[in-house]
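**Q** Dumping the structure here so I can ask a few things about it.
Number of protein chains: 2
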Amino acid sequence: MTTDFRAELLASGLLVESSVDGLYGRSGTFEKVVRGIDDLVTSAGADQHAAVLHFPAVMPRLVLERSGYLRSFPDLPGSVSVFEGDDDLHVGLLERLERGENWTELLTASDVALCSAACHPLYPQCSGRLPAGGRRFEVFGHCFRHEPSLDPARMQAFRMHEFVYLGEPDAAVAHRDLWLERSADLLSGLGLAVETVVANDPFFGRPGRMLASNQRAEMLKYEVVCTIHHDAHPTAISSSNYHLDHFGIGFGIESANGDVAHSACVGFGVERITLALLGAHGLDPDAWPLAVRSRLWP
Amino acid sequence: MTTDFRAELLASGLLVESSVDGLYGRSGTFEKVVRGIDDLVTSAGADQHAAVLHFPAVMPRLVLERSGYLRSFPDLPGSVSVFEGDDDLHVGLLERLERGENWTELLTASDVALCSAACHPLYPQCSGRLPAGGRRFEVFGHCFRHEPSLDPARMQAFRMHEFVYLGEPDAAVAHRDLWLERSADLLSGLGLAVETVVANDPFFGRPGRMLASNQRAEMLKYEVVCTIHHDAHPTAISSSNYHLDHFGIGFGIESANGDVAHSACVGFGVERITLALLGAHGLDPDAWPLAVRSRLWP
Numbered sequence: 062m063t064t065d066f067r068a069e070l071l072a073s074g075l076l077v078e079s080s081v082d083g084l085y086g087r088s089g090t091f092e093k094v095v096r097g098i099d100d101l102v103t104s105a106g107a108d109q110h111a112a113v114l115h116f117p118a119v120m121p122r123l124v125l126e127r128s129g130y131l132r133s134f135p136d137l138p139g140s141v142s143v144f145e146g147d148d149d150l151h152v153g154l155l156e157r158l159e160r161g162e163n164w165t166e167l168l169t170a171s172d173v174a175l176c177s178a179a180c181h182p183l184y185p186q187c188s189g190r191l192p193a194g195g196r197r198f199e200v201f202g203h204c205f206r207h208e209p210s211l212d213p214a215r216m217q218a219f220r221m222h223e224f225v226y227l228g229e230p231d232a233a234v235a236h237r238d239l240w241l242e243r244s245a246d247l248l249s250g251l252g253l254a255v256e257t258v259v260a261n262d263p264f265f266g267r268p269g270r271m272l273a274s275n276q277r278a279e280m281l282k283y284e285v286v287c288t289i290h291h292d293a294h295p296t297a298i299s300s301s302n303y304h305l306d307h308f309g310i311g312f313g314i315e316s317a318n319g320d321v322a323h324s325a326c327v328g329f330g331v332e333r334i335t336l337a338l339l340g341a342h343g344l345d346p347d348a349w350p351l352a353v354r355s356r357l358w359p
Numbered sequence: 062m063t064t065d066f067r068a069e070l071l072a073s074g075l076l077v078e079s080s081v082d083g084l085y086g087r088s089g090t091f092e093k094v095v096r097g098i099d100d101l102v103t104s105a106g107a108d109q110h111a112a113v114l115h116f117p118a119v120m121p122r123l124v125l126e127r128s129g130y131l132r133s134f135p136d137l138p139g140s141v142s143v144f145e146g147d148d149d150l151h152v153g154l155l156e157r158l159e160r161g162e163n164w165t166e167l168l169t170a171s172d173v174a175l176c177s178a179a180c181h182p183l184y185p186q187c188s189g190r191l192p193a194g195g196r197r198f199e200v201f202g203h204c205f206r207h208e209p210s211l212d213p214a215r216m217q218a219f220r221m222h223e224f225v226y227l228g229e230p231d232a233a234v235a236h237r238d239l240w241l242e243r244s245a246d247l248l249s250g251l252g253l254a255v256e257t258v259v260a261n262d263p264f265f266g267r268p269g270r271m272l273a274s275n276q277r278a279e280m281l282k283y284e285v286v287c288t289i290h291h292d293a294h295p296t297a298i299s300s301s302n303y304h305l306d307h308f309g310i311g312f313g314i315e316s317a318n319g320d321v322a323h324s325a326c327v328g329f330g331v332e333r334i335t336l337a338l339l340g341a342h343g344l345d346p347d348a349w350p351l352a353v354r355s356r357l358w359p
């Protein structure tokens with residue numbers, strides 16, 4: 062995405078920048094679009110009879126450790142440190158702060174980490190044996206990824222709205238495939254010129270290149286991509302993933318027959334979809350085509 | 062709040078516990094109430110013509126440093142650490158993780174911290190000279206406070222919905238007083254038995270006792286309190302605060318006449334209000350009194 066579009070978003074007040082790249086405040090208008098997208102995604106999944114869960118931006122650090130995320134993407138997550146000292150250490154902290162020195166050295170690691178993906182805090186809830194047919198969840202979550210960027214489509218803090226299935230392998234693949242089609246339909250129904258592509262995650266380091274190439278070869282990850290602004294590269298605004306037994310192993314989840322559970326999820330990046338709509342239809346949602354507005358705000 | 066009420070909330074699925082005290086998932090029903098409260102608070106402030114800003118759960122660490130929060134409440138905030146090493150250090154991290162050793166020592170402090178109060182990320186946006194009459198904002202934010210507790214009214218991660226004024230001292234006091242009355246009316250209109258009390262923040266350590274007593278003596282902070290469950294102590298579900306020139310000094314904000322700006326805010330704790338409603342009217346919002354439902358979901 063060009064810095065021009067970023068400048069337009071900031072000038073319009075839809076996004077408010079901060080002193081850190083990739084952290085923004087959102088206007089009421091921006092959030093009105095977010096709510097419309099969330100409601101539309103919820104409607105699209107009404108037939109799933111999914112249990113709805115909203116998670117905060119932080120989760121137990123144990124979930125990060127078991128998720129495998131530190132193996133594949135160690136550079137992206139955030140761990141939370143806190144002050145556990147007494148009055149004397151507090152005096153020392155304030156002295157360092159005043160002198161502009163490093164005060165964070167006086168902190169200790171807490172048992173809390175930022176969520177990297179909306180569905181991570183869900184998996185420990187499912188440890189043990191699943192019922193026959195598996196389970197379906199609709200998850201609203203906040204993600205943090207430490208990748209400072211001036212591209213508004215690459216925020217450090219953003220929301221993801223997911224539908225997750227846990228259970229049998231066949232049903233997991235079917236969930237991924239159903240939602241791949243459904244998400245492409247939903248997004249093209251909003252007037253977005255989308256395309257569905259095989260994709261890979263941005264795995265870290267040298268070993269990551271092999272992981273990425275395996276993921277593509279096995280076609281585990283599909284993305285719905287869209288050119289958010291006319292002279293930018295296509296960006297993923299939704300992705301559908303088959304995790305094999307990755308989370309089943311990590312969190313001790315079994316399907317009804319006692320095998321390790323497989324899982325799949327579709328994730329809608331609500332900030333990116335909002336940006337794509339603003340790029341396609343203009344910065345004033347009240348002036349968007351009626352067909353789009355009536356879908357978002359029926 | 063008794064552990065009985067906590068057990069009821071968990072059994073009903075309204076809250077889903079995690080392995081860390083004070084971190085919960087919320088059900089769709091819980092969030093329906095949250096949305097109703099947010100919409101009602103927004104309506105109550107329609108005459109303020111406030112600029113609306115939604116902030117994510119993380120903000121620049123610089124905001125935490127300038128907010129004064131580390132002086133008064135060093136034990137509550139969270140600073141975010143990230144991995145910035147290479148492939149070799151990554152191998153070391155994974156080895157520590159596998160052996161159950163402390164891998165967080167290999168992280169470095171990022172320039173990001175968790176928000177402690179919804180309005181903190183707003184203040185750096187206002188640095189410089191304010192227009193005549195000051196400025197009003199409606200702020201939606203996520204707060205993190207490291208105070209693990211089994212009391213569902215003391216979550217580590219929760220949301221706050223605020224109206225903030227920055228400008229002249231008299232107008233700041235008037236904002237605080239207006240919203241003190243308005244918030245008590247709004248909350249009692251939801252069938253909650255509320256009371257308005259002079260309050261103090263939980264300042265840290267020995268010097269904190271004096272700060273708390275000064276805050277009470279100057280009557281800077283009022284809380285609307287409510288007994289969330291019948292055999293619990295009253296809990297603040299909203300607070301109205303006059304900050305004097307605290308944030309004006311910290312963030313270099315001047316009123317139109319060049320004096321340091323004063324500020325005031327009202328904060329609605331949406332999780333606590335939701336819990337108070339569940340405690341007062343029962344765990345099934347569809348069975349709440351019509352007068353309450355018609356206010357929340359008109």
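Protein chains in written order, with my numbering: chain G, 62 to 359; chain Z, 62 to 359. All C-beta atoms, glycine included, are put in the ideal place defined by N, C-alpha and C.
Given a limit of 9 angstroms on CB to CB distance, which residues of the stretch 85-108 of chain Z reach chain G?
**A** Those residues of the stretch 85-108 of chain Z that come within reach of chain G (Cβ to Cβ, closer than 9 angstroms) are Y85, G86, R87, S88, G89, T90, F91, E92, V95, R96 and T103.
**Q** Where G/E162 and G/L155 are concerned, what is the direct C-alpha to C-alpha distance, given to the nearest angstrom?
**A** Cα to Cα, the separation comes out at about 10 angstroms.
**Q** Per DSSP, what kind of secondary structure is Z/S316 in: helix, strand or coil?
**A** Three-state DSSP puts Z/S316 in coil, outside helix and strand.
**Q** Since Z/A218 meets chain G, which of its residues come closer than 8 angstroms, beta carbon to beta carbon?
**A** Here the neighbours are P117, A118 and V119.
**Q** Given Z/G328, which residues of its chain have a CB within under 6 angstroms of its CB, disregarding the five upstream and five downstream residues?
**A** Cβ neighbours of Z/G328 beyond the five flanking positions: M221, E223 and S300.
**Q** What does G/V113 touch in chain Z if you count any residue whose Cβ is under 7 angstroms from its own?
**A** In chain order: S88 and G89.
**Q** Kindly list the residues whose CB is nearer than 8 angstroms to the CB of G/L191, restricted to its own chain and excluding five residues on each side of it in sequence; keep chain order.
**A** Excluding residues within five positions, the ones whose Cβ falls inside 8 angstroms are L227, G228, I314, E315, S316, A317 and A322.
**Q** What did DSSP end up calling Z/P121 once you bin it into helix, strand or coil?
**A** In this structure, Z/P121 counts as strand in the three-state DSSP scheme.
**Q** Would you kindly report the start and end of the unbroken beta strand (DSSP E) that includes Z/V173?
**A** T169 to L175 is the extent of the beta strand (DSSP E) around Z/V173.
**Q** Anything in chain G within Cβ reach of Z/G266, meaning under 7 angstroms, just list it in chain order.
**A** Within 7 angstroms Cβ-Cβ: D148 and H151.
**Q** With which residues is G/E284 paired in a DSSP beta bridge?
**A** G/V258 and G/S300.
**Q** Ordered along the chain, which non-local residues of its own chain (more than five positions away) have a Cβ less than 7 angstroms from that of G/L114?
**A** Counting only Cβ-Cβ distances below 7 angstroms, and skipping sequence neighbours, we find L183, F198 and V200.
**Q** On the DSSP letters alone, give me the boundaries of the alpha helix (DSSP H) that Z/S244 sits inside.
**A** Looking at the DSSP string, the run of the alpha helix (DSSP H) that includes Z/S244 is P230 to S249.
**Q** Per DSSP, Z/G343 is paired with what?
**A** Note: Z/G343 sits in no beta bridge, so no partner.
**Q** Check each residue of the stretch 175-195 of chain G: if its Cβ is closer than 9 angstroms to any Cβ of chain B, include it; give the result in chain order.
**A** Any reference to chain B falls outside this structure, whose protein chains are G and Z.
**Q** Since Z/F205 meets chain G, which of its residues come closer than 9 angstroms, beta carbon to beta carbon?
**A** Per Cβ cutoff of 9 angstroms: P117, A118, V119, V141 and V173.
**Q** May I ask you to report which of helix, strand or coil DSSP gives G/L272?
**A** G/L272 falls in the helix class under three-state DSSP.
**Q** Take G/A174 and list the residues in its own chain whose beta-carbon comes closer than 8 angstroms to its own, dropping the five residues that flank it on each side.
**A** The answer, listed in chain order, is V119, M120, P121, R122, V124, L125, P138, G139, S140 and V141.
**Q** Within the 7 angstroms Cβ cut-off, does G/L123 reach chain Z?
**A** Yes, G/L123 lies at the interface with chain Z (some Cβ there is under 7 angstroms from its Cβ).
**Q** Measure the C-alpha to C-alpha separation of G/D65 and G/F91 and round it to an integer number of angstroms.
**A** Distance between the alpha carbons of G/D65 and G/F91 is about 18 angstroms.
**Q** Does the beta carbon of G/R136 sit closer than 7 angstroms to a beta carbon anywhere in chain Z?
**A** It is worth fixing the name first, because residue 136 of chain G is Asp in this sequence and not Arg. Interface residue, yes.
**Q** Mind listing the chain Z neighbours of G/F144? Cutoff is C-beta to C-beta under 7 angstroms, in chain order.
**A** By Cβ distance, chain Z contributes P135 and D136.
**Q** G/T296 to G/T288, Cα distance in whole Å?
**A** Cα-Cα distance, rounded: 6 angstroms.
**Q** Quick one: what's got a C-beta closer than 7 angstroms to G/G250's C-beta in the same chain, skipping five residues either side?
**A** Same-chain partners within the cutoff: R356.
**Q** Kindly indicate the opening and closing residues of the beta strand (DSSP E) around G/H115.
**A** From DSSP, the beta strand (DSSP E) with G/H115 extends over A112 to H115.
**Q** Can a CB atom of chain Z be found closer than 7 angstroms to the CB of G/L168?
**A** Chain Z contact via Cβ: present.
**Q** With a threshold of 16 other CB atoms inside 10 Å of the CB of Z/H181, please say whether the residue is buried or exposed.
**A** Flag for Z/H181 reads buried.
**Q** In whole angstroms, what is the alpha-carbon distance linking G/G97 and G/W358?
**A** Each residue's Cα considered, the two are about 6 angstroms apart.
**Q** In chain Z, which residues lie with their C-beta within 7 angstroms of the C-beta of G/V77?
**A** Per Cβ cutoff of 7 angstroms: L114 and Q186.
**Q** Around the C-beta of Z/G269, are 16 or more other C-beta atoms found within 10 angstroms, so that it is buried, or is it exposed?
**A** Counting Cβ neighbours within 10 Å, Z/G269 comes out buried, since at least 16 surround it.
**Q** In the stretch 165-221 of chain G, which residue ranges form an unbroken beta strand (DSSP E) of at least 3 residues, counting only runs that do not cross its ends?
**A** Listed in chain order, they are 169-175 and 196-205.
**Q** May I ask you to list the residues that DSSP assigns as paired with G/L305?
**A** G/S324, per the DSSP bridge assignment.
**Q** Quick check: is the beta carbon of G/V81 nearer than 7 angstroms to any beta carbon in chain Z?
**A** So, interface residue.
**Q** Where G/M62 and Z/S188 are concerned, what is the direct C-alpha to C-alpha distance, given to the nearest angstrom?
**A** Because G/M62 sits at a pLDDT of 47, beneath the cut-off of 50, its placement in the model cannot be relied upon, and the following sentence gives the value as read from the coordinates. C-alpha separation (whole angstroms): 29 angstroms.
**Q** Taking Cβ-Cβ distances shorter than 9 angstroms, what residues in chain G pair up with Z/L155?
**A** Simply L131, R132 and P135.
**Q** Using 7 angstroms as the limit for Cβ to Cβ distance, is Z/M62 near chain G?
**A** Residue placement at Z/M62 cannot be trusted, given a pLDDT of 47 that sits under 50; what the coordinates show is reported in the next sentence. For Z/M62, the answer is no, since every Cβ of chain G falls outside 7 angstroms of its Cβ.
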